[in-house]
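Heads up: the structure comes next, in structure tokens.
Protein chains: 2
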Amino acid sequence: MIDLPFLADICRPTDSKIVLLVVDGLGGAPHPETKRSELETARIPNLDRLASRSAAGGKTPALAGKKPRNAAGATTPVMHGIPPGSGPGHMALFGYDPVKYLMGRGVLEALGIDVELGPGDLAARGNLCTVDNDNNIVDRRAGRIPTSESAPLVDMLNGIDISGVDVKVYPVQDYRFVLVMHGEGLDDRISETDPQMVGVMPLEAKALDEASEEAAAHVRTFVTAAAEVLRERENANMAMLRGFSLLPELPDFGERYSLNPGAVAAYPMYRGLAKVVGMNVIPTGMTFEDELDTLEEHFDEHDFFFLHYKPADAAGEDGDFAAKVQALEALDAGVGRLMEMDQDVLVVAGDHSTPAILGAHSWHPVPLLVQSKWTAGEGIEEFTERACSVGSLGSLPATEVMMLAMAHAGKLLKYGP
Amino acid sequence: MIDLPFLADICRPTDSKIVLLVVDGLGGAPHPETKRSELETARIPNLDRLASRSAAGGKTPALAGKKPRNAAGATTPVMHGIPPGSGPGHMALFGYDPVKYLMGRGVLEALGIDVELGPGDLAARGNLCTVDNDNNIVDRRAGRIPTSESAPLVDMLNGIDISGVDVKVYPVQDYRFVLVMHGEGLDDRISETDPQMVGVMPLEAKALDEASEEAAAHVRTFVTAAAEVLRERENANMAMLRGFSLLPELPDFGERYSLNPGAVAAYPMYRGLAKVVGMNVIPTGMTFEDELDTLEEHFDEHDFFFLHYKPADAAGEDGDFAAKVQALEALDAGVGRLMEMDQDVLVVAGDHSTPAILGAHSWHPVPLLVQSKWTAGEGIEEFTERACSVGSLGSLPATEVMMLAMAHAGKLLKYGP
Chain A
1 MIDLPFLADI CRPTDSKIVL LVVDGLGGAP HPETKRSELE TARIPNLDRL
51 ASRSAAGGKT PALAGKKPRN AAGATTPVMH GIPPGSGPGH MALFGYDPVK
101 YLMGRGVLEA LGIDVELGPG DLAARGNLCT VDNDNNIVDR RAGRIPTSES
151 APLVDMLNGI DISGVDVKVY PVQDYRFVLV MHGEGLDDRI SETDPQMVGV
201 MPLEAKALDE ASEEAAAHVR TFVTAAAEVL RERENANMAM LRGFSLLPEL
251 PDFGERYSLN PGAVAAYPMY RGLAKVVGMN VIPTGMTFED ELDTLEEHFD
301 EHDFFFLHYK PADAAGEDGD FAAKVQALEA LDAGVGRLME MDQDVLVVAG
351 DHSTPAILGA HSWHPVPLLV QSKWTAGEGI EEFTERACSV GSLGSLPATE
401 VMMLAMAHAG KLLKYGP
Chain B
1 MIDLPFLADI CRPTDSKIVL LVVDGLGGAP HPETKRSELE TARIPNLDRL
51 ASRSAAGGKT PALAGKKPRN AAGATTPVMH GIPPGSGPGH MALFGYDPVK
101 YLMGRGVLEA LGIDVELGPG DLAARGNLCT VDNDNNIVDR RAGRIPTSES
151 APLVDMLNGI DISGVDVKVY PVQDYRFVLV MHGEGLDDRI SETDPQMVGV
201 MPLEAKALDE ASEEAAAHVR TFVTAAAEVL RERENANMAM LRGFSLLPEL
251 PDFGERYSLN PGAVAAYPMY RGLAKVVGMN VIPTGMTFED ELDTLEEHFD
301 EHDFFFLHYK PADAAGEDGD FAAKVQALEA LDAGVGRLME MDQDVLVVAG
351 DHSTPAILGA HSWHPVPLLV QSKWTAGEGI EEFTERACSV GSLGSLPATE
401 VMMLAMAHAG KLLKYGP
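For the protein sequence lines, the chains are A and B, in the order given.
Taking this note's numbering, the leading residue of the first sequence gets 1, the next gets one more, and so forth.
Taking this note's numbering, the leading residue of the second sequence gets 1, the next gets one more, and so forth.
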């Protein structure tokens with residue numbers, strides 16, 4: 001983990017290059033009929049080739065005459081049995097203890113819409129809701145009003161001024177918004193105002209600790225002002241807040257590893273996660289092809305790239321087995337392009353598993369592949385959950401993947417004399 | 001790990017016997033041409049036999065009629081990806097957290113020449129160097145003067161007297177020496193005096209913390225006195241110091257495990273590591289045959305032996321694949337003798353991997369073999385990285401190897417009621 005003492009002493013900059021491809025929701029589980037998982041069903045010749053002994057790729061001069069090999073394994077993002085969110089899943093792959101640096105819902109929602117957060121900023125997830133004349137909640141989601149209707153309301157909330165803090169409100173989608181407070185000494189131990197049921201009044205935001213009394217008072221001020229702003233409306237006439245959270249103080253990724261990291265991610269939350277650990281986020285388009293174009297264009301500018309692939313997770317979350325298989329096949333086509341690039345170390349990892357049969361993030365160990373000229377090549381024949389689980393790396397915490405990548409890139413000195 | 005609470009409560013002395021054979025730099029990686037690692041290339045019938053189900057050996061009465069079996073796996077000394085030094089590699093196998101008990105270069109150098117260190121002793125690695133009339137460094141290694149020439153100079157430095165501390169200087173080899181200060185409250189947070197370049201003056205030793213001001217002052221006094229002692233000389237007329245470090249407070253190995261441990265190691269650093277954790281170091285010769293003679297002679301005196309084999313690492317560090325293969329074959333011959341002895345548990349482990357293709361310590365998981373009458377025998381057919389990685393023990397932290405050895409020796413009670 002990144003908390004290893006003296007880590008900075010053993011990391012050294014070199015001109016070798018690492019690409020960490022994070023396939024969101026990579027791992028799956030067997031279909032009840034075919035008994036084959038999504039990876040086992042998909043036609044993924046490039047990933048299989050990467051996983052096999054004869055993997056091609058890696059064409060830097062340093063590799064001349066040496067066939068790159070690979071090491072496979074299965075990662076555990078947080079702990080056996082724990083289904084991780086995207087936040088912990090990525091933080092672990094970046095080498096950060098996902099428990100110590102856990103981010104709350106408010107922070108993740110803010111990162112998910114490209115809001116820039118600084119350390120100490122207090123973020124919360126907001127809902128526009130509908131209350132009756134007695135202030136009792138009638139609809140927690142204000143009839144799921146469309147963004148076109150909610151955005152002007154959020155704009156109105158943005159006019160709210162609270163002395164002592166800067167308040168900003170951002171529309172998300174439909175009835176959802178994000179509240180960010182910027183100020184001194186804000187604490188996030190504040191109770192939620194959403195009672196999670198109808199027929200009752202929204203709850204009052206309360207300080208759950210002495211340290212959060214000032215922040216809770218600011219939240220109450222905001223809620224009162226919001227009710228005032230919206231009160232003439234029939235629906236969407238009240239705002240509720242939950243998931244109060246602070247961006248944790250995060251060690252800088254590049255500094256800790258002596259890397260100059262670049263991030264290529266189509267989806268904002270992953271750009272946000274990369275940004276808060278200090279990676280240089282490179283603008284890109286919405287498809288994997290766009291991402292690969294971006295990577296290619298900026299290939300010389302960084303010695304480390306975080307490359308994110310989203311569609312596998314989206315299909316898994318939808319519970320759509322066939323769509324996840326397709327997403328993996330589309331991934332594989334891109335991997336073929338990736339294999340033609342000149343990285344010295346290619347890591348294919350997942351932030352967590354998302355089996356389509358579950359329709360949700362799961363606790364299943366996630367296949368991992370490390371390719372460099374130094375790996376032993378254990379001869380697994382395909383890139384699947386089963387094959388990787390008997391790979392030479394065995395099962396390992398996701399937090400150690402970065403160390404493996406660094407080692408394979410020749411960027412680590414001996415630990416201890 | 002040894003930090004397991006109540007560990008001492010569950011360890012019980014028995015008359016069963018454990019031999020922990022540490023093969024320095026055991027693990028390797030495939031040769032680019034043959035695709036076979038050093039272990040896969042070497043003819044090692046005894047180790048293969050040990051690794052196979054039908055392994056012979058272990059002839060104490062308790063074993064009568066039961067064929068000893070084995071369990072294989074792959075150990076991670078510090079963390080995936082981290083190439084460990086010899087210090088952390090051995091401390092982990094002894095069951096000590098290699099991060100918590102990390103030793104600095106000065107301490108390791110001292111242990112490497114059989115200098116006895118106590119807790120709180122401050123050690124540093126020294127270089128004799130050559131400076132010009134302006135005190136600028138001309139040669140950081142004083143022309144690599146031979147030990148025959150440097151030893152008398154080190155003797156002169158030994159005459160330096162500093163009030164408040166005992167100072168001892170020991171020759172190592174050529175231009176290298178070790179400085180040890182014995183006194184109260186010495187702190188090792190001191191900056192190095194070796195600028196690691198020529199054409200500039202040696203640096204002044206500075207306290208990097210308030211707590212180290214006194215120790216840093218002693219170091220400056222020593223350096224000034226050393227310059228005075230050497231100043232008439234043309235070369236080797238100055239001394240530089242680095243790697244200031246204290247021996248950490250180490251729990252006693254024998255006490256923690258309820259063992260009476262003996263150590264047989266040809267090379268001084270490994271004797272030193274054994275000594276500082278409280279093992280009884282038995283004098284021995286320079287070859288593995290000598291070590292095995294020593295083990296045999298003293299077999300009845302201890303219930304635990306740490307036995308060290310060095311040549312595999314030396315060959316690996318030299319990048320000499322063929323020499324490493326030979327070193328493993330020589331090891332195997334000795335293992336044949338070892339198998340005739342009466343230990344109840346034989347562990348074959350490595351402190352780290354040293355693949356010849358890398359010419360350095362590496363991060364690769366290290367093959368592990370535990371043989372006792374209690375192991376399940378997973379039927380791996382040979383003692384290689386690949387075979388061990390699919391052994392019944394899977395991959396495990398090296399710090400847990402001692403627990404496995406204790407368990408297999410019947411020396412562990414139930415943990416918790």
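Backbone N, C-alpha and C fix where the C-beta goes; we use that ideal spot for every residue, glycine too.
Can you list, in chain order, the residues of its chain with a C-beta nearer than 6 Å to that of Gly106 (chain B)? Leave out the 5 residues immediately preceding and following it.
Along the second sequence, read from residue 1 onward, the residue named residue 106 (chain B) stands at position 106. Excluding sequence neighbours, Gly106 (chain B) sits near Ala123, Ala124, Arg125, Gly243, Phe244 and Ser245.
DSSP three-state call for Asn260 (chain A): helix, strand or coil?
Indexing the first sequence from 1 puts residue 260 (chain A) at position 260. Note: Asn260 (chain A) maps to coil in three-state DSSP.
Please list the segments of the alpha helix (DSSP H) lying wholly inside the region 239-319 of chain B, counting only runs of 4 or more residues, in order along the chain.
253-257, 268-276, 288-297 and 311-317
For Thr287 (chain B), does the count of other Cβ atoms within 10 angstroms reach 16, so buried, or fall short, so exposed?
The residue given as residue 287 (chain B) occupies position 287 in the second sequence. Exposed.
Listing by chain order, which chain E residues have their CB less than 7 Å from the CB of Leu4 (chain A)?
Looking at the structure shown, chain E is missing, and the protein chains on hand are A and B.
If you compare alpha carbons, which of B:Lys35, B:Phe383 and B:Tyr415 is closest to Arg49 (chain B)?
In the second sequence, the residue the question calls residue 49 (chain B) occupies position 49. Among B:Lys35, B:Phe383 and B:Tyr415, the Cα nearest to that of Arg49 (chain B) belongs to B:Phe383.
Excluding the 5 residues preceding and the 5 following Ala226 (chain B) in the sequence, name in chain order all residues of the same chain whose CB lies nearer than 6 Å to its CB.
Counted from its first residue, the second sequence places residue 226 (chain B) at position 226. Once the five neighbours on either side are set aside, the close Cβ partners of Ala226 (chain B) are Leu157 and Ala239.
Pick helix, strand or coil for Phe6 (chain A), following the three-state DSSP scheme.
As a first step, residue 6 (chain A) is located in the first sequence; it is residue number 6 there, counting from the start. Here Phe6 (chain A) sits in coil by DSSP.
Using a Cβ-Cβ cut-off of less than 8 Å, list which residues of the region 104-115 of chain B approach chain A; keep chain order.
Gly104, Arg105, Leu108 and Glu109
In chain order, what residues of the same chain lie with their CB nearer than 6 Å to the CB of Ile145 (chain A), ignoring the 5 residues before and after it?
Translated into positions along the first sequence, residue 145 (chain A) becomes position 145. Cβ within range, chain order: Tyr175 and Ala236.
Please compile the residues from chain B whose C-beta is within a distance smaller than 7 Å of the C-beta of Tyr415 (chain A).
Taking the first residue of the first sequence as 1, we reach residue 415 (chain A) at position 415. Residues of chain B passing the Cβ test: Val78, Ile82, Pro83, Pro84, Gly85 and Pro88.
Among B:His218, B:Glu340, B:Pro311 and B:Leu259, which one has its Cα closest to the Cα of Glu301 (chain B)?
The count along the second sequence starts at 1 and reaches residue 301 (chain B) at position 301. That would be B:Leu259, whose Cα lies nearest to the Cα of Glu301 (chain B).
For Tyr257 (chain A) and Asp132 (chain A), I'd like the C-alpha separation in whole angstroms.
Translated into the one-based positions of the first sequence, residue 257 (chain A) becomes position 257. Translated into the one-based positions of the first sequence, residue 132 (chain A) becomes position 132. Tyr257 (chain A) and Asp132 (chain A): Cα-Cα distance of roughly 55 Å.
Residue nearest to Ala42 (chain B) in terms of C-alpha spacing, selected from B:Tyr270, B:Lys275, B:Leu21 and B:Gln326
As a first step, residue 42 (chain B) is located in the second sequence; it is residue number 42 there, counting from the start. Selected option, being the one with the closest Cα: B:Gln326.
Between Thr34 (chain A) and the rest of its own chain, which residues show a CB-CB distance below 7 Å, the 5 nearest in sequence each way excluded?
As a position in the first sequence, residue 34 (chain A) is number 34, starting the count at 1. Thr41, listed in sequence order.
Counting along the chain, where does the beta strand (DSSP E) carrying Val418 (chain B) start and finish?
A query on residue 418 (chain B) cannot be resolved here, the shown segment of chain B reaching from 1 to 417 and no further.
Listing by chain order, which chain A residues have their CB less than 9 Å from the CB of Leu102 (chain B)?
Taking the second sequence and counting its residues from 1, the one referred to as residue 102 (chain B) is at position 102. Going along chain A in sequence order, the residues near Leu102 (chain B) (Cβ under 9 Å) are Pro5, Phe6, Tyr415 and Gly416.
Does the CB of Leu157 (chain B) have a neighbour CB from chain A at under 8 Å?
Counted from its first residue, the second sequence places residue 157 (chain B) at position 157. Taking Cβ atoms only, chain A never reaches closer than 8 Å to Leu157 (chain B), which makes this a no.
Please list, in chain order, all residues of the same chain as Ala142 (chain B) whose beta carbon is under 7 Å from its beta carbon, the five residues on each side excluded.
Taking the first residue of the second sequence as position 1, residue 142 (chain B) is located at position 142. Hits under 7 Å: Leu128, Cys129, Thr130, Tyr175, Asn235 and Ala236.
Cβ of Phe306 (chain A) within 7 Å of any heavy atom in the ligand PLP?
The ligand PLP is absent from the structure shown, which contains no ligands of any kind.
7 Å Cβ shell around Pro88 (chain B) - same chain, five flanking residues per side excluded
Here residue 88 (chain B) refers to the residue found at position 88 of the second sequence. Hits under 7 Å: Pro77, Val78, Pro98 and Leu102.
Rank B:Ser395, B:Asp344, B:Gly359 and B:His361 by C-alpha distance to the C-alpha of His367 (chain B) and give the top, closest one.
In the second sequence, residue 367 (chain B) corresponds to position 367, counting from 1. With the sequence shown as reference, residue 367 (chain B) is identified as Pro, and His is not the correct amino acid for it. Out of B:Ser395, B:Asp344, B:Gly359 and B:His361, B:Ser395 has the C-alpha closest to the C-alpha of Pro367 (chain B).
Does DSSP put Asn70 (chain A) in a helix, in a strand, or in coil?
As a working note, residue 70 (chain A) is residue 70 in the first sequence. Note that Asn70 (chain A) scores 49 on pLDDT, short of 50, meaning its location in the model is unreliable; the coordinates nonetheless yield the value given after this. DSSP places Asn70 (chain A) in strand when its eight states are reduced to three.
Could you spell out the range, first to last residue, of the beta strand (DSSP E) harbouring His31 (chain B)?
Residue numbering aside, residue 31 (chain B) sits at position 31 when the second sequence is read from its first letter. Taken as a continuous stretch (DSSP letters only), His31 (chain B) belongs to no beta strand (DSSP E), as it is neither H nor E.
Going by other Cβ atoms of all chains shown within 10 Å of its Cβ, with 16 needed for buried, is Lys414 (chain B) buried or exposed?
Sequence index remark: in the second sequence, residue 414 (chain B) carries index 414 (1-based). Lys414 (chain B) should be labelled exposed.
Proximity of Ala265 (chain B) and Ala315 (chain B) at Cβ, strictly below 8 Å
Walking along the second sequence from the start, residue 265 (chain B) turns up at place 265. Walking along the second sequence from the start, residue 315 (chain B) turns up at place 315. No, they are not a contact pair.
So Ala398 (chain B) and Leu93 (chain B) are in contact, right, with Cβ under 8 Å, and what is the actual spacing, rounded?
Start at 1 with the first residue of the second sequence, and residue 398 (chain B) comes out as number 398. Start at 1 with the first residue of the second sequence, and residue 93 (chain B) comes out as number 93. Correct: roughly 5 Å between the Cβ atoms.
Contacts that Ala74 (chain B) makes with chain A (C-beta to C-beta distance below 7 Å):
Stepping through the second sequence from its first residue, residue 74 (chain B) is reached at position 74. Neighbours of Ala74 (chain B) on chain A, chain order: Gly394.
Excluding five sequence neighbours on each side, which residues of the same chain lie with their C-beta closer than 7 Å to the C-beta of Thr221 (chain A)?
Taking the first residue of the first sequence as 1, we reach residue 221 (chain A) at position 221. For Thr221 (chain A), where only same-chain residues beyond five positions count, the Cβ hits under 7 Å are Ile162.
What is the DSSP secondary structure of Arg231 (chain A), reduced to helix, strand or coil?
On the first sequence, position 231 is the one that residue 231 (chain A) refers to. Here Arg231 (chain A) sits in coil by DSSP.
In the DSSP assignment, the alpha helix (DSSP H) including Met201 (chain B) goes from what residue to what residue?
For the purposes of this step, residue 201 (chain B) is taken as the residue at position 201 of the second sequence. Note, Met201 (chain B): premise wrong, no alpha helix (DSSP H); not H, not E.
Inside the region 70-120 of chain B only - alpha helix (DSSP H) runs reaching at least 4 residues:
86-93 and 105-111
Hey, out of B:Pro311, B:Lys411, B:Glu385 and B:Ala217, whose CA is closest to His364 (chain B)'s CA?
Locating residue 364 (chain B) in the second sequence gives position 364, where the first residue counts as 1. Comparing Cα-Cα distances from His364 (chain B) to each of B:Pro311, B:Lys411, B:Glu385 and B:Ala217, the minimum goes to B:Glu385.
Answer with buried or exposed for Pro119 (chain A), where buried requires no fewer than 16 other C-beta atoms within 10 angstroms of its C-beta.
Counting from one through the first sequence, the residue named residue 119 (chain A) turns up at place 119. Exposed, since its Cβ has fewer than 16 Cβ neighbours within 10 Å.
Tell me the DSSP secondary structure of Ala236 (chain A) in three-state form.
Counting from 1 along the first sequence, the entry for residue 236 (chain A) is found at position 236. The answer is coil: DSSP assigns Ala236 (chain A) none of H, G, I, E or B.
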